[in-house]
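Asks: This is the structure, below, for whatever I ask next.
Set out below in structure tokens:
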């Protein structure tokens, strides 16, 4: 007698997160394919930066790795009898962190990991299941490992975080209760340095958090035509930084402002007021190479390494007028650019 519960069981998988696709009827929940080879997911996320302003519970990184249908021929090697069975997913590293759902500790202080499978058969936001789990398998139904994604999420689990690579080795195992862990259906692992945590910290100096740039009174005669510049003012953004405990971190400042609609990239629009000047914009430049800084551009400040404790860094900048129209009308000029610290 054949089972035709595919659609109904698919709905159950959406509710309970089973990572199998049901097939036809058979006997006890065992993998009866002698040539079956479990896929092993290499969770190579790479470098994960811990932002200085991140909070406990924040997700720091997420990466998804493709899972293929297994066996590749689409057959259903796991066969259940009339009593059904269970599929078990276990975590082999860490302990429950107490932060968030199913987030486990790692060997790096203040860093946790959550692992899950997401099933592509139901779309990008389809059914998924987190480790660890124990899933019921329907009686008289056959199963296979479905295609989809293996998801790795990295979380901040404590106020203070360390730096360094997550411990290499196997992290999960997935198997039927009848077969046991020695006959896996799917595993995941980390090579050495496959996920490396970097925890630098920088603080902007008090005098650099709000920098007024005063151009003073500028005569109209100083504007000599569209595309010309004048009245440069120099200033610096200073900061104090501590390097990571492991590896290196690249420190950037990302700038954001309202671009001038008539100026080239790197020209800031003036705020619109009743007494505002017209025909001009303001440019922000990196003094190290005299290049204009475009809206949303990340400007590299320096590289932080272990041992950088209280290191002083600064970004030398300058601002100037840029003429955008042939006729310049006198008035007040006010423009604002904001910046944030970024690590990579």
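In mature numbering (1 follows the signal peptide of the UniProt record, and there is no 0), the protein residues as written are -27 to -1, 1 to 317. The beta carbon of each residue, even a glycine, is placed where N, CA and C say it ideally should be.
One question on the structure: do residue 290 and residue 210 come within less than 9 Å of each other, judged by their Cβ atoms?
Replies: Yes, these two residues count as a Cβ contact at 9 Å.
Asks: With a floor of 3 residues, list each beta strand (DSSP E) that falls wholly inside the segment 190 to 225, ordered by position along the chain.
Replies: List check, beta strand (DSSP E) in window: 202 to 215.
Asks: Determine the direct distance from the alpha carbon of residue 113 to that of residue -24, and round the result to whole angstroms.
Replies: In this prediction, residue -24 has a pLDDT of 24, which is less than 50 and means its spatial position is unreliable; what the coordinates show is noted afterwards. So the two alpha carbons sit approximately 10 Å from each other.
Asks: From the DSSP secondary-structure annotation, give me the bridge partner or partners of residue 307.
Replies: DSSP lists no partner for residue 307.
Asks: What ranges does the beta strand (DSSP E) occupy inside the segment 5 to 78, keeping only unbroken runs of at least 3 residues that lie completely in it?
Replies: Counting only runs of 3 or more, we get 12 to 15, 19 to 22, 32 to 40, 58 to 64.
Asks: Using the beta-carbon count (16 or more within 10 Å), is residue 137 buried or exposed?
Replies: Flag for residue 137 reads buried.
Asks: What does the Cβ neighbour count give for residue 318, buried or exposed, with the cut at 16 atoms within 10 Å?
Replies: A question about residue 318 goes unanswered here, because the residues of the chain that appear run from -27 up to 317.
Asks: Determine whether the beta carbon atoms of residue 174 and residue 215 lie at a separation below 9 Å.
Replies: Closer than 9 Å, so yes.
Asks: Do you know how far the Cα of residue 43 is from the Cα of residue 104?
Replies: Computed Cα separation, rounded: 19 Å.
Asks: When burial is assigned at 16 or more other CB atoms within 10 Å of the CB, is residue 109 buried or exposed?
Replies: Exposed: under 16 other Cβ atoms inside 10 Å.
Asks: Sort out for me which residues DSSP pairs residue 109 with in a bridge.
Replies: BP columns for residue 109 point to 59.
Asks: Among all the DSSP beta bridges, which residues are the ones paired with residue 227?
Replies: Residue 227 pairs with 271, 313.
Asks: When you compare the CB positions of residue 251 and residue 212, do they come within less than 9 Å of one another, or not?
Replies: It is not a contact, given that the beta carbons lie outside the stated cut-off.
Asks: Would you kindly report the start and end of the unbroken beta strand (DSSP E) that includes residue 292?
Replies: Segment 284 to 296, the beta strand (DSSP E) holding residue 292.
Asks: For residue 184, count the other beta carbons within 10 Å of its own beta carbon; 16 or more makes it buried, fewer makes it exposed. Which is it?
Replies: By the neighbour-count rule (16 or more Cβ atoms within 10 Å), residue 184 is not buried but exposed.
Asks: Under the assumption that residue 118 contacts residue 159 (Cβ atoms under 8 Å), give the Cβ distance between them as a whole number of angstroms.
Replies: Confirmed, about 6 Å.
Asks: Closer than 6 Å by C-beta to residue 227: which residues in its own chain qualify, once you throw out the five before and the five after it? Chain order, please.
Replies: Cβ neighbours of residue 227 beyond the five flanking positions: 271, 313, 315.
Asks: Using three-state DSSP, classify residue 180 as helix, strand or coil.
Replies: Here residue 180 sits in helix by DSSP.
Asks: Just to confirm, is the Cβ distance from residue 326 to residue 161 under 9 Å?
Replies: Past the edges of the chain, shown from -27 to 317, lies residue 326, and the structure says nothing about it.
Asks: What number of angstroms, rounded off, separates the C-alpha of residue 6 from the C-alpha of residue 45?
Replies: Residue 6 and residue 45: Cα-Cα distance of roughly 12 Å.
Asks: In this structure, does DSSP put residue 232 in helix, strand or coil?
Replies: Note: residue 232 maps to strand in three-state DSSP.
Asks: Should residue 269 go down as buried or exposed, given a rule of 16 or more other Cβ atoms within 10 Å for buried?
Replies: So residue 269 counts as exposed.
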